Amino acid sequence: MSRHHHLFIASPASGALGAQVARSLASGQAQLAKAGYGEAVLGPHRNGQIHLDAKLIGDVSCGLFSFFEQAGKNAMRFARRLDAPIGRVVIQTLPYDQYYPMMWRHMATGRALKPFEGAVARLMERPRGWAQVIADLHAALAPQEIVVLPAPVLVEEALAALVPGARLDPRTPPQLDRPDSAIAMLQRLHRANVTLDPHQIQRLAAFHARQPQGAPLAAFNAIDSVKLRKRYAQDMDQIAAMARTRIGADLDFAIAAQ
Numbered sequence: 004m005s006r007h008h009h010l011f012i013a014s015p016a017s018g019a020l021g022a023q024v025a026r027s028l029a030s031g032q033a034q035l036a037k038a039g040y041g042e043a044v045l046g047p048h049r050n051g052q053i054h055l056d057a058k059l060i061g062d063v064s065c066g067l068f069s070f071f072e073q074a075g076k077n078a079m080r081f082a083r084r085l086d087a088p089i090g091r092v093v094i095q096t097l098p099y100d101q102y103y104p105m106m107w108r109h110m111a112t113g114r115a116l117k118p119f120e121g122a123v124a125r126l127m128e129r130p131r132g133w134a135q136v137i138a139d140l141h142a143a144l145a146p147q148e149i150v151v152l153p154a155p156v157l158v159e160e161a162l163a164a165l166v167p168g169a170r171l172d173p174r175t176p177p178q179l180d181r182p183d184s185a186i187a188m189l190q191r192l193h194r195a196n197v198t199l200d201p202h203q204i205q206r207l208a209a210f211h212a213r214q215p216q217g218a219p220l221a222a223f224n225a226i227d228s229v230k231l232r233k234r235y236a237q238d239m240d241q242i243a244a245m246a247r248t249r250i251g252a253d254l255d256f257a258i259a260a261q
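Heads up, the sequence shown is in the working numbering, so the first residue is 4 and it goes up one at a time.
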């Protein structure tokens, strides 16, 4: 039975799922081996079989206006570093009205940004979306199957899609969210060229988590949100119609793991 590589893609600003999957795989190497899988590793590595990658489709350097345009090229480089075909690719997707504000907030913790509302008109005109990203991954990786998990996704669902048959203990470490008032303070500090270390940022976020929050710093209005949700639903329909693609985890699904 031929060996295949399996890949979980953690998209930037998509929440804690990537970290949860990584922790679960790292602590469950023995269970993976018992289920017939090889080693779980970060990134592309010939000695691994289960791969988790947070930069394959792109990272925060893509900004708001480039919806993972280099996903295909990145995936081709990833595949060239492996020594066997790719079986499963598992990726989480988010509705656009959630994803763009999450990306802005993620970027805003690290550098000064212009207000989100100034980007809305341009974001609404973006022609590229998840359907194009999934098509790029098919072309570059030639996997046996891509499993698309629309948010919200439990770590149990991600593991069931990535390594069916492996009885892993899902790790869901608590992660402190950065409230908008903390991000607003960070933006003021960035504009003043003041840099905080990670521990200081955590303390700042913990303090602001106890404070009242005002209107969201990054959000679409109701009309634009409806339009973006409709577009996301259309993209999911287009993805569902692609060959070797399915949407949602299937506990009974299995591809040869050896």
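All C-beta atoms in this analysis are idealised placements derived from N, C-alpha and C, irrespective of residue type, glycine included.
Computed from a predicted structure; not experimentally measured.
Cα-Cα separation between residue i and residue j, rounded to whole angstroms
i              : j                 : result
alanine 169    : serine 30         : 12 Å
isoleucine 258 : glycine 90        : Any reading at isoleucine 258 must be qualified, since the residue scores a pLDDT of 38, below 50, and its modelled position is unreliable; the value itself is stated next. If you take the alpha carbons of isoleucine 258 and glycine 90, they lie about 7 Å apart.
isoleucine 204 : alanine 212       : 12 Å
proline 15     : valine 24         : 14 Å
alanine 187    : methionine 106    : 15 Å
valine 197     : histidine 141     : 43 Å
proline 293    : valine 229        : Not covered by the structure: residue 293. The range shown for the chain is 4 to 261.
threonine 175  : proline 182       : 20 Å
glutamine 261  : isoleucine 12     : Bear in mind that the predicted position of glutamine 261 carries a pLDDT of just 34, short of 50, making it unreliable; the figure below should be weighed with that in mind. So the alpha carbons of these two residues sit roughly 21 Å apart.
asparagine 77  : histidine 202     : 32 Å
leucine 192    : serine 64         : 20 Å
leucine 199    : tyrosine 99       : 30 Å
leucine 126    : phenylalanine 210 : 32 Å
methionine 110 : glutamine 34      : 36 Å
glutamine 214  : leucine 189       : 15 Å
arginine 234   : aspartate 180     : 28 Å
glutamate 128  : arginine 194      : 29 Å
proline 130    : alanine 143       : 21 Å
glycine 21     : alanine 57        : 7 Å
Bounding residues of the beta strand (DSSP E) (the contiguous stretch that carries residue i)
i                : result
glutamate 148    : 148-153
histidine 109    : Taken as a continuous stretch (DSSP letters only), histidine 109 belongs to no beta strand (DSSP E), being part of the alpha helix (DSSP H) at 99-111.
aspartate 2      : Examination of residue 2 is not possible in this model, given that the chain is present from 4 through 261 alone.
phenylalanine 11 : 8-12
alanine 43       : 42-45
arginine 249     : 248-250
Rounded Cβ spacing between residue i and residue j (contact assumed at less than 8 Å)
i                : j              : result
phenylalanine 70 : glycine 132    : 6 Å
alanine 163      : alanine 252    : 5 Å
glycine 166      : alanine 38     : Contrary to the premise, residue 166 reads as valine rather than glycine in this sequence. 7 Å between Cβ atoms; contact.
isoleucine 137   : isoleucine 250 : Not a contact, Cβ separation roughly 10 Å.
Classification of residue i by the beta-carbon crowding that lies within 10 angstroms, buried from 16 upward
i                 : result
methionine 79     : exposed
serine 27         : buried
glycine 66        : exposed
isoleucine 226    : exposed
glycine 51        : buried
phenylalanine 119 : buried
glycine 3         : Absent from the model: residue 3. The displayed extent of the chain is 4 to 261, so no value can be given.
threonine 248     : buried
glutamate 160     : buried
glutamine 101     : buried
phenylalanine 223 : buried
alanine 43        : buried
Whether residue i touches residue j by CB criterion (7 Å)
i                : j            : result
isoleucine 53    : valine 92    : no
proline 153      : threonine 96 : yes
aspartate 172    : glycine 75   : no
proline 104      : alanine 221  : yes
alanine 208      : alanine 185  : yes
phenylalanine 81 : leucine 45   : no
aspartate 238    : alanine 134  : yes
leucine 55       : histidine 8  : no
Residue range of the alpha helix (DSSP H) that includes residue i
i              : result
valine 197     : No alpha helix (DSSP H) holds valine 197; DSSP gives it neither H nor E.
aspartate 238  : 225-243
isoleucine 137 : 133-144
alanine 163    : 158-165
arginine 91    : Looking at the DSSP string, arginine 91 is not in any alpha helix (DSSP H); the run it does join, the beta strand (DSSP E), is 89-96.
arginine 114   : From DSSP, arginine 114 is part of no alpha helix (DSSP H); its letter is neither H nor E.
leucine 1      : Lying before the first or after the last residue shown, residue 1 is absent from the chain, which here runs from 4 to 261.
arginine 170   : It is not in any alpha helix (DSSP H) - arginine 170 carries neither H nor E in the DSSP assignment.
glutamine 81   : Checking the displayed sequence, the identity of residue 81 turns out to be phenylalanine instead of glutamine. Counting along the chain, the alpha helix (DSSP H) containing phenylalanine 81 begins and ends at 74-83.
Chain B within 7 Å of residue i, Cβ atoms only
i          : result
alanine 78 : Judged by its chain identifiers, the structure shown contains no chain B, having just a single protein chain.
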